[in-house]
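Below you'll find the structure, written out as structure tokens, and then a few comments.
In the numbering used here, the protein residues as written are 50 to 367.
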């Protein structure tokens, strides 16, 4: 009996000790879990983790161009109003400019104050024997000078540009001489012209020179109008034919383009110059020797996004 009582007391003591042991173990598990949770939160809030996060303001700054990966070999982006260069890449390189030439062609034509309603005729001398390019303006096609100018600027028609030069007082040789005099007057130190179309690789300039040329051409209302026209109908050989702008961006509603000219020959690659309003500022874009069919357009869009991001990152005034 005595032994049984001892055994009962021992069992009771074991029972009363088991519950606290289990409770203590449970509390320890909860404590460890809580510590782990706090630890994960602390890691997320560590200063070094915040630094790794992208900073929109830093990446959008105009001073930060590491993300502006452009494919064009030579580039210049300039604030037209102040002359401030916003971005440049090989901006002093002297390169063939292809049909960018036609901006100078248009200025020289208009400087002569010709009769824009005079009828000009496409002749055998206007056929491209340098590159063998084709044209819908057949020999014998007659258009007034204004239509020739529109086609040269909007659709980069080589025969139209050639006819404009050939019908200049003194002919083609006098016209090219006038182009080079105009370049010199504008301070285009690295620019040379040998023809009015840009089919020859001997027509060269630097992006810095071309920014000046774009600025000068932008002063001519007809050049602004014709170079940014989306398309146009012309009566050729007794029937209406539709011509389109060689720069697809002119019909993009997200762009406000005041002047445009494309260019291409093998030696020059794909070229594009524009005056456009970005962030409510007049901006000049020069892109030379782009590779790929759409690279120059892609580069222009990349520049536009870069400048818009910079504007969004600026702190509000006041």
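Note that beta-carbon positions come from the ideal geometry of N, C-alpha and C, so glycine has one too.
From the DSSP output, in three-state form, read off residue i for me.
i	result
residue 358	helix
residue 242	coil
residue 131	coil
residue 349	helix
residue 284	strand
residue 303	coil
residue 206	coil
residue 97	Residue placement at residue 97 cannot be trusted, given a pLDDT of 29 that sits under 50; the coordinates are not used to answer.
residue 338	strand
residue 236	coil
residue 150	helix
residue 163	coil
Name the DSSP bridge partner or partners of residue i?
i	result
residue 136	126
residue 168	193
residue 313	319
residue 324	308 and 333
residue 292	281
residue 253	145 and 241
Ordered along the chain, which non-local residues of its own chain (more than five positions away) have a Cβ less than 7 Å from that of residue i?
i	result
residue 224	157, 214, 217 and 245
Nearest to residue i by alpha carbon, out of the options?
i	options	result
residue 264	313, 120, 118 and 126	126
residue 312	176, 302 and 335	335
residue 160	241, 131 and 228	228
residue 130	281, 320, 268 and 287	268
residue 274	241, 309 and 289	309
residue 237	343, 262 and 324	262
residue 140	256, 234 and 192	256
residue 266	232, 188 and 289	232
Ignore the nearest five residues each way along the sequence and tell me which others in residue i's own chain have a CB closer than 8 Å to its CB.
i	result
residue 357	327 and 328
Only counting the same chain, and skipping five residues up and downstream in sequence, which positions put a Cβ closer than 6 Å to that of residue i?
i	result
residue 251	243
residue 210	151, 154, 201, 245 and 246
residue 293	280
So, residue i versus residue j, is the Cβ gap smaller than 8 Å?
i	j	result
residue 143	residue 253	yes
residue 204	residue 277	no
residue 207	residue 248	yes
residue 164	residue 185	no
residue 121	residue 339	yes
residue 123	residue 337	yes
residue 119	residue 348	yes
residue 149	residue 271	no
Run the proximity test for residue i: is its beta-carbon closer than 7 Å to any non-hydrogen atom belonging to the ligand HEM?
i	result
residue 186	No copy of the ligand HEM occurs in the structure displayed, which carries no ligand at all.
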